[in-house]
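Student: Okay, handing you the structure first.
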Amino acid sequence: GLSTPQIKLANCCSPVLGDTITGYVSKHSGIVIHADFCPNVKTLEDNRMIDAFWAKDIKRKYAAWIKVIGTSKTNLLSEVVTAVNATGVSIAEVNARTTSNLEIVIRLKVSVGSVNDLTALMVNLRKITDIYSVERDVK
Numbered sequence: 012g013l014s015t016p017q018i019k020l021a022n023c024c025s026p027v028l029g030d031t032i033t034g035y036v037s038k039h040s041g042i043v044i045h046a047d048f049c050p051n052v053k054t055l056e057d058n059r060m061i062d063a064f065w066a067k068d069i070k071r072k073y074a075a076w077i078k079v080i081g082t083s084k085t086n087l088l089s090e091v092v093t094a095v096n097a098t099g100v101s102i103a104e105v106n107a108r109t110t111s112n113l114e115i116v117i118r119l120k121v122s123v124g125s126v127n128d129l130t131a132l133m134v135n136l137r138k139i140t141d142i143y144s145v146e147r148d149v150k
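In this note's numbering, the protein residues as written are 12 to 150.
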């Protein structure tokens, strides 16, 4: 067995403190922690899955992806960035594109302390006029 396995957070779902999580004992990368909502968990071998839980008193930040969809209008991206900044959350990466339906799809990689911070941010983003979808994004 593994005496001191390497533990890492899955890049696909980017689990955040407070998410319900599960561990996957990989063949080469130690234990990979996935959020239970991650669609990739369903594709993993059951016999390699283990229970996982968060340690107490964690004081670090976690990267999480959010997808925001709204009506393409001038300044919507600016309004989203302003709303994120107002919550004190750091933005690590932004990608915005307009679809053929004239929707704007904004992907934000944010740095949060817990799922509560992320939820509060998502609630604030939903208050912006012309935004009709805000959800966690999974690769």
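Virtual Cβ for every residue (Gly too), placed ideally from N, Cα, C.
Measure how close the beta-carbons of Ile18 and Ile44 come, nearest whole angstrom, since I'm counting them as under 8 Å.
Tutor: The Cβ separation is near 6 Å, so the contact holds.
Student: Can you confirm whether the segment 106–116 touches the segment 38–54 when touching is taken to mean that 3 or more C-beta pairs between the two stretches lie within less than 8 Å?
Tutor: Verdict: no, contact absent.
Student: Could you tell me the distance, in whole angstroms, from the CA atom of Gly29 to the CA atom of Gly99?
Tutor: For Gly29 and Gly99, the distance between alpha carbons rounds to 19 Å.
Student: Report whether the distance from the Cβ of Tyr73 to the nearest heavy atom of the ligand FAD is below 7 Å.
Tutor: In the structure shown, the ligand FAD is absent, as is every other ligand, since no ligand is present at all.
Student: Does the Cβ of Ser25 have 16 or more other Cβ atoms within 10 Å, making it buried, or fewer, making it exposed?
Tutor: Label assigned to Ser25: buried.
Student: Counting only runs that start and end within the segment 54–132, where is the alpha helix (DSSP H) found for 4 or more residues in a row?
Tutor: With a minimum length of 4 residues, the continuous alpha helix (DSSP H) runs that stay inside the segment 54–132 are 87–97.
Student: Would Leu132 and Ser83 qualify as a contact pair, given that the criterion is a beta-carbon distance under 8 Å?
Tutor: Against a cut-off of 8 Å, the Cβ pair of Ser83 and Leu132 comes out as no contact.
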